[in-house]
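K.L.:
If you scroll down you'll find the structure; I have some questions about it.
Written out as structure tokens, the structure reads:
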């Protein structure tokens, strides 16, 4: 049976809700804070990711 | 027999026929069986394979085929994320406990070709910590312990290699690092560990944690041993595209230890502003004692280097979240992540899977800017030095974020340098709280291992902290 995007979203949501009591709150917060820190960085249209991978190491 | 002998020392004994590889192998196999469980260091001992490889090595030695084969007959272990034919490869995680591959990882093949003897698959943090563990007890084998004080963690995620090499259960091991997983256990367990340049060593047959960050590297008794092992395992591999074109054509990728000792380089070594101010007292004192040694060896010390203002740790975190959630999508979708040991890991994959594509791409775009800033530092200096970790090893009975609350590493050298793919080496440099080891890390620009290892090999020629052994594991 196929899992649709909607199914997956519900599954993730339900699992997180069920595990809320078990998940350390600080960890939860740290993930959110990381994303917020990234969103605060001003990027220009031409700032590209490097997906050549092997070139990461080249100088 | 000295279980803490270096590869060079063991090789000399083998070639002089003072010991056979089979005797040496059985010596380490016995130590692994007897002492491994005390440290939760071992997953699978590969006795049968090891004895077969040792016998083949002895035949080669008897035939005189020893030239330029420093690893011939030398026992070793691998972190249990490397595929080994017909032997379980568990990734440290309960859901993969019975996983068996029908091939050897490239790095294992290379070591087999070099005549080394695989003795053990070593413990690791489940899934190499990709789901965000917060406790030493994040492996189905239990918390791996540093031999210096077994109330404390050996470091992770290469926890078994750290404990095993630190306790003289194997002469060397292969670990992996996505962001800190070689440097940390090397520091916490008092051994010398090298994180090579991204792409220097093929990851074919290794568990993926985060493709754009994962690296494999040696964990040894000395920097010279790291140089020897790196030479055997590095190189291009058609099965791993990231290995292609890493080193500039025509530039040396390996210089023999004896040549480095005969020709020590005088380098510019930088200290990043803020990297030592808030670390533990003994960590800072030992760090500056190491800097004094490096200064006396003729290196120029450049202080107060400015670090990037971009959010390094957050960038690493989002990239690892997205890539690890993708690598383990099937585990997450199946619901089997609930079988993981650490509570944070059981839910961490689901959280990570909720990372938005635009946030992942934003992280990769910021990474490009971080790389520009960090590589600019290597225009001012040849190497960067810092405390390998801000603290000694974490206690086993506490969550990481509760262990050393008033201590901070400052700029994340480990995160930033992993984003850039830069090589680093962790060198033992003394002891701190509770008799636990501390370490200095030296970092070079990508593909500049020869400068890094020259400084490290010569540093250890002038110091003896890396020769100390933990009581109870002699």
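Chains as they are written, first to last, in this note's numbering: chain A, 1354 to 1412; chain B, 133 to 606. Built from N, CA and C at the ideal position, the CB exists for glycine as well. A quick note: this is a predicted structure, and the numbers were derived from the prediction, not measured.
1) Excluding the 5 residues preceding and the 5 following residue 339/B in the sequence, name in chain order all residues of the same chain whose CB lies nearer than 6 Å to its CB.
2) Have a look at the DSSP bridge pairing and note the partners of residue 285/B.
3) For my contact list, residue 329/B and residue 553/B are in at a C-beta cut-off of 8 Å; report their separation, rounded to the angstrom.
4) For the region 423-450 of chain B, which residues have a beta carbon sitting closer than 7 Å to at least one beta carbon of chain A?
5) Between residue 331/B and residue 549/B, what straight-line distance do the alpha-carbon atoms span, to the nearest angstrom?
6) For residue 538/B, count neighbouring Cβ atoms within 10 angstroms of its own Cβ and tell me buried if that reaches 16, exposed if not.
7) Got a sec: which bits of the region 489-512 of chain B sit with their beta carbon under 8 Å from any beta carbon on chain A, in order along the chain?
8) Taking the alpha-carbon of residue 165/B as reference, which of 289/B, 157/B, 177/B and 255/B has the nearest alpha-carbon?
9) Report the option in 590/B, 135/B, 217/B and 157/B whose CA atom is closest to the CA atom of residue 233/B.
10) Give a yes or no on whether the minimum CB-CB distance between residue 1361/A and chain B is below 9 Å.
11) Could you tell me if residue 256/B is buried or exposed, where buried requires 16 or more neighbouring beta carbons within 10 angstroms of its beta carbon?
12) Any idea which residues DSSP pairs residue 592/B with across the strands?
13) Per the DSSP calculation, residue 308/B is bridged to which residue(s)?
14) In three-state terms, what does DSSP make of residue 341/B?
15) Which residues in the same chain have their Cβ closer than 6 Å to the Cβ of residue 1412/A, if we skip the five residues on either side of it in sequence?
16) Mind checking if residue 335/B is an interface residue toward chain A, Cβ cutoff 9 Å exclusive?
17) Please identify, using Cβ separations under 9 Å, the residues of the region 1381-1407 of chain A that lie next to chain B, in order along the chain.
18) Does residue 594/B come within less than 9 Å of chain A when only Cβ atoms are used?
19) Cβ of residue 474/B within 9 Å of Cβ of residue 263/B?
20) Where do the ends of the alpha helix (DSSP H) carrying residue 422/B lie?
21) Taking the beta strand (DSSP E) that residue 199/B falls in, what are its first and last residues?
22) Alpha carbon to alpha carbon, how far is residue 531/B from residue 269/B?
23) Using a Cβ distance threshold of 8 Å, determine whether the region 557-566 of chain B contacts the region 479-497 of chain B, with at least three qualifying pairs required.
24) Out of curiosity, what's the CA-to-CA distance linking residue 383/B and residue 434/B?
25) Is it true that the CB of residue 152/B sits closer than 9 Å to the CB of residue 206/B?
26) Who does residue 449/B pair with in a DSSP beta bridge?
27) Go to residue 79/B, then tell me how far its beta strand (DSSP E) extends in each direction, as first and last residue.
28) Between residue 482/B and chain A, is there a C-beta pair that is closer than 9 Å?
29) Identify which residue in 283/B, 275/B and 282/B has its Cα closest to the Cα of residue 289/B.
30) Rounded to whole angstroms, what is the Cα-Cα separation between residue 528/B and residue 442/B?
31) Is it buried or exposed, residue 259/B, if we count other Cβ atoms within 10 angstroms and call 16 or more buried?
32) With the cut-off set at 9 Å, would you say residue 297/B and residue 323/B are in Cβ contact?
33) If you measure from the beta carbon of residue 1364/A to each beta carbon in chain B, is any gap under 9 Å?
34) Hey, how far is the Cα of residue 136/B from the Cα of residue 353/B?
35) Could you give the first and the last residue of the continuous alpha helix (DSSP H) run that contains residue 161/B?
36) Does the region 388-396 of chain B touch the region 502-522 of chain B, meaning 3 or more C-beta pairs lie closer than 8 Å?
P.N.:
In terms of the structure at hand:
1) The residue you call residue 339/B lines up with position 207 of the second chain. Here the set comprises 213 and 223.
2) Within the second chain, the letter at position 153 stands for residue 285/B. 277/B.
3) Translated into positions along the second chain, residue 329/B becomes position 197. Translated into positions along the second chain, residue 553/B becomes position 421. With 8 Å as the limit, residue 329/B and residue 553/B qualify as a contact, their Cβ atoms being about 6 Å apart.
4) Of all residues in the region 423-450 of chain B, 442, 443, 446, 447, 449 and 450 have a Cβ within less than 7 Å of some Cβ in chain A.
5) Taking the first residue of the second chain as position 1, residue 331/B is located at position 199. Taking the first residue of the second chain as position 1, residue 549/B is located at position 417. Whole-angstrom Cα-Cα distance: 14 Å.
6) As a working note, residue 538/B is residue 406 in the second chain. Sixteen is the threshold: since fewer than 16 other Cβ atoms of the shown chains lie within 10 Å of the Cβ of residue 538/B, the residue is exposed.
7) Listed by position along the chain: 491, 493, 494, 495, 496, 497, 498, 499, 500, 501, 503 and 507.
8) Within the second chain, residue 165/B is the residue found at index 33, counting from 1. Minimum Cα distance to residue 165/B is reached at 177/B.
9) Sequence index remark: in the second chain, residue 233/B carries index 101 (1-based). Among 590/B, 135/B, 217/B and 157/B, the Cα nearest to that of residue 233/B belongs to 217/B.
10) Within the first chain, residue 1361/A is the residue found at index 8, counting from 1. Using beta-carbon distances, residue 1361/A counts as an interface residue toward chain B, with a partner under 9 Å.
11) Numbered from its first residue, the second chain carries residue 256/B at position 124. By the neighbour-count criterion, in which a residue is buried when 16 or more other Cβ atoms sit within 10 angstroms of its Cβ, residue 256/B is buried.
12) As a first step, residue 592/B is located in the second chain; it is residue number 460 there, counting from the start. In the DSSP output, where bridge partners are listed per residue, residue 592/B has none listed.
13) Residue mapping note: residue 308/B aligns to position 176 of the second chain, counting from 1. Per DSSP, 348/B.
14) The residue given as residue 341/B occupies position 209 in the second chain. Residue state, collapsed to three classes: coil.
15) Residue mapping note: residue 1412/A aligns to position 59 of the first chain, counting from 1. With a pLDDT of 47 at residue 1412/A, under the threshold of 50, the modelled position of this residue cannot be trusted; read the value that follows with caution. Once the five neighbours on either side are set aside, residue 1412/A has no close Cβ partner at all.
16) Position 203 of the second chain holds residue 335/B. The beta carbon of residue 335/B does not come within 9 Å of any beta carbon belonging to chain A, so the residue lies off that interface.
17) Within the region 1381-1407 of chain A, the qualifying residues are 1381, 1383, 1384, 1386, 1387, 1388, 1389, 1390, 1391, 1392, 1393, 1394, 1396, 1400, 1401, 1402, 1403, 1404, 1406 and 1407.
18) By one-based count along the second chain, residue 594/B stands at place 462. Not closer than 9 Å to any Cβ of chain A, the Cβ of residue 594/B fails to qualify, so no.
19) Residue numbering aside, residue 474/B sits at position 342 when the second chain is read from its first letter. Residue numbering aside, residue 263/B sits at position 131 when the second chain is read from its first letter. Yes, the pair counts as a contact, with Cβ atoms nearer than the cut-off.
20) As a first step, residue 422/B is located in the second chain; it is residue number 290 there, counting from the start. Judged by DSSP secondary structure, residue 422/B falls within the alpha helix (DSSP H) whose first and last residues are 413-428.
21) Taking the second chain and counting its residues from 1, the one referred to as residue 199/B is at position 67. Segment: none, residue 199/B is in no beta strand (DSSP E) and carries neither H nor E.
22) Taking the second chain and counting its residues from 1, one reaches residue 531/B at position 399. Taking the second chain and counting its residues from 1, one reaches residue 269/B at position 137. For residue 531/B and residue 269/B, the distance between alpha carbons rounds to 9 Å.
23) Per the Cβ contact rule, the region 557-566 of chain B is not in contact with the region 479-497 of chain B (fewer than 3 Cβ pairs under 8 Å).
24) On the second chain, position 251 is the one that residue 383/B refers to. On the second chain, position 302 is the one that residue 434/B refers to. Each residue's Cα considered, the two are about 26 Å apart.
25) Taking the second chain and counting its residues from 1, one reaches residue 206/B at position 74. Taking the second chain and counting its residues from 1, one reaches residue 152/B at position 20. Cβ atoms of residue 206/B and residue 152/B: not closer than 9 Å.
26) Taking the first residue of the second chain as position 1, residue 449/B is located at position 317. Per DSSP, none; premise fails for residue 449/B.
27) Residue 79/B lies beyond the residue range present for chain B, which begins at 133 and ends at 606; the question has no answer from this structure.
28) For the purposes of this step, residue 482/B is taken as the residue at position 350 of the second chain. So yes, residue 482/B belongs to the interface.
29) The residue labelled residue 289/B in the question sits at position 157 within the second chain. Residue nearest to residue 289/B within the set 283/B, 275/B and 282/B is 275/B (criterion: CA-CA distance).
30) Locating residue 528/B in the second chain gives position 396, where the first residue counts as 1. Locating residue 442/B in the second chain gives position 310, where the first residue counts as 1. Whole-angstrom Cα-Cα distance: 33 Å.
31) By 1-based counting over the second chain, the position of residue 259/B is 127. By the 10 Å Cβ count, residue 259/B comes out buried.
32) Position 165 of the second chain, counting from 1, holds the residue named residue 297/B. Position 191 of the second chain, counting from 1, holds the residue named residue 323/B. Yes, they are a contact pair.
33) Along the first chain, read from residue 1 onward, the residue named residue 1364/A stands at position 11. With 9 Å as the cut-off, residue 1364/A counts as an interface residue toward chain B.
34) Residue 136/B sits at position 4 when you count from the first residue of the second chain. Residue 353/B sits at position 221 when you count from the first residue of the second chain. Spanning the two alpha carbons is a distance of roughly 7 Å.
35) If you number the second chain from 1, residue 161/B lands on position 29. Counting along the chain, the alpha helix (DSSP H) containing residue 161/B begins and ends at 153-171.
36) Contact fails between the region 502-522 of chain B and the region 388-396 of chain B, because fewer than three Cβ pairs, one in each stretch, are under 8 Å apart.
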